[in-house]
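Visitor:
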Amino acid sequence: MIARRKSALICSLTLIVTLFPTSPAVSATTKQKVSLTIFAASSLSGTFTKIGALFERDNPGISLKFSFLASSVLASQIADGAPADVFAAASSPDMMRAKKLVLAPKIFATNTIVLAHPRSNRDLVATFSDLNKKSVKWVQCASTVACGVATDSALKSLRIVITRPVSYEPNVASVVSKLLAGEVDAAFIYHSDYLANRNKLREVAFPNPLAATTNYPIALVRQSKHRVASQKFLIEIFSPRSRKILSTAGFGVAR
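Take the position in the sequence shown, starting the count at 1, then add 1; the result is the number in our numbering.
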């Protein structure tokens with residue numbers, strides 16, 4: 002009787018092993034590194050790079066690949082089928098352009114447009130009205146991108162500047178580049194960009210900051226093949242340490 006029971010037990014165990022084999026291939030698959038593609042507004046390049054490094058350190062099985070461009074461009078790329086796992090935009094309207102392609106967008110930060118000028122030309126540009134001087138050259142983002150929309154809104158609220166910029170740039174990184182290179186006397190950039198270059202620049206804040214402020218929503222891209230890993234990154238963005246990085250860089254953080 003005992004021998005029969007042992008025989009039956011061995012058969013049962015053999016059946017289990019057959020149905021659920023622990024092969025090297027399965028084990029290797031579970032240990033494969035996941036690579037996430039993060040589409041993010043160009044103004045997030047500094048902060049997201051720092052946050053990403055911490056995230057990868059704490060999640061060795063996940064690597065991040067960032068694409069920093071104007072939010073409107075990224076939204077169009079997602080609509081055209083570009084592979085992305087997470088989308089962080091610099092404005093709610095840009096996120097809405099991809100609303101059918103993303104899941105549950107949530108605002109994680111804000112940023113404010115300011116007038117910036119080199120510390121060396123304080124006598125030339127010190128107020129918004131100085132932009133009306135014929136000798137002053139200034140630049141802003143194009144009206145088709147988030148930083149341009151926020152600039153237009155702030156200038157409309159101000160009702161002082163009557164001149165036009167010498168150029169409309171495709172993203173805020175390009176605006177900052179021209180300003181630091183000395184190609185223009187002043188520019189409208191984000192407060193976060195000013196802080197990143199405060200040793201070289203001065204800023205003039207708009208009297209109505211609300212008109213100059215833009216929201217930053219973030220969402221999981223519906224077509225993502227790595228939703229679990231992507232959700233981990235989204236959780237990281239709202240973590241205390243990431244909020245601190247954003248706040249230190251000059252962003253407002255969602256409560």
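Ideal placement from N, C-alpha and C gives every residue a C-beta, glycine not left out.
Contact between the segment 138-158 and the segment 201-211: three or more CB pairs below 8 Å?
Guide: In short, these stretches touch, since the Cβ pair count reaches three.
Visitor: Mapping DSSP to helix, strand and coil, what is residue 251?
Guide: Three-state DSSP puts residue 251 in coil, outside helix and strand.
Visitor: Count Cβ pairs between the segment 213-229 and the segment 164-179 that sit closer than 8 Å; are there 3 or more?
Guide: The segment 213-229, when compared against the segment 164-179, does not touch it at the 8 Å Cβ threshold.
Visitor: Assign residue 131 to buried or exposed, taking buried as 16 or more other Cβ atoms, counted over all protein chains shown, within 10 Å of its Cβ.
Guide: Its Cβ being crowded by 16 or more others within 10 Å, residue 131 is buried.
Visitor: Drop a sphere of 10 angstroms on the beta-carbon of residue 224, count the other beta-carbons inside from all chains shown, and report buried for 16 or more, exposed for fewer.
Guide: Exposed, since its Cβ has fewer than 16 Cβ neighbours within 10 Å.
Visitor: Going by the DSSP bridge assignment, what does residue 68 pair with across the sheet?
Guide: Answer is 40.
Visitor: I'd like to check one pair, residue 151 with residue 213: are the Cβ atoms closer than 9 Å?
Guide: For residue 213 and residue 151, yes; Cβs fall inside 9 Å.
Visitor: Tell me, please, which residues DSSP counts as bridged to residue 57.
Guide: According to DSSP, residue 57 bridges with nothing at all.
Visitor: In chain order, what residues of the same chain lie with their CB nearer than 8 Å to the CB of residue 51, ignoring the 5 residues before and after it?
Guide: Excluding sequence neighbours, residue 51 sits near 246.
Visitor: So residue 191 and residue 44 are supposed to be a Cβ contact under 8 Å. How far apart are they, rounded?
Guide: Confirmed, about 5 Å.
Visitor: Output the distance between the C-alpha atoms of residue 1 and residue 127, rounded to the nearest integer angstrom.
Guide: Any question about residue 1 goes unanswered here, given that the chain covers just 2 to 256.
Visitor: Contact between the segment 140-149 and the segment 182-190 is defined here as three or more beta-carbon pairs at a separation below 8 Å; is this criterion met?
Guide: Flag = yes, the segment 140-149 and the segment 182-190 touch.
Visitor: At what residues does the alpha helix (DSSP H) containing residue 192 begin and finish?
Guide: It spans 192-197 - the alpha helix (DSSP H) in which residue 192 sits, taken as one unbroken run.
Visitor: Just how far apart, CA to CA, sit residue 63 and residue 84?
Guide: Computed Cα separation, rounded: 17 Å.
Visitor: Alpha carbon to alpha carbon, how far is residue 227 from residue 106?
Guide: Near 17 Å, if we compare the C-alpha coordinates of residue 106 and residue 227.
Visitor: Quick one: what's got a C-beta closer than 6 Å to residue 185's C-beta in the same chain, skipping five residues either side?
Guide: These residues qualify, in order along the chain: 138, 139, 140 and 179.
Visitor: Start and end of the beta strand (DSSP E) containing residue 221?
Guide: Counting along the chain, the beta strand (DSSP E) containing residue 221 begins and ends at 214-222.
Visitor: Three-state secondary structure (DSSP) at residue 111?
Guide: In this structure, residue 111 counts as strand in the three-state DSSP scheme.
Visitor: Residue 46 to residue 80, Cα distance in whole Å?
Guide: If you take the alpha carbons of residue 46 and residue 80, they lie about 22 Å apart.
Visitor: With distances taken between CB atoms, is the gap from residue 255 to residue 239 smaller than 9 Å?
Guide: In this structure, residue 239 lies closer than 9 Å to residue 255 by Cβ.
Visitor: Under three-state DSSP, which class holds residue 189?
Guide: Strand at residue 189.
Visitor: Pull up the CB-CB distance for residue 162 and residue 129, whole angstroms please, since I reckon it's below 8 Å.
Guide: At roughly 6 Å, the Cβ-Cβ gap stays under 8 Å, so residue 162 and residue 129 are in contact.
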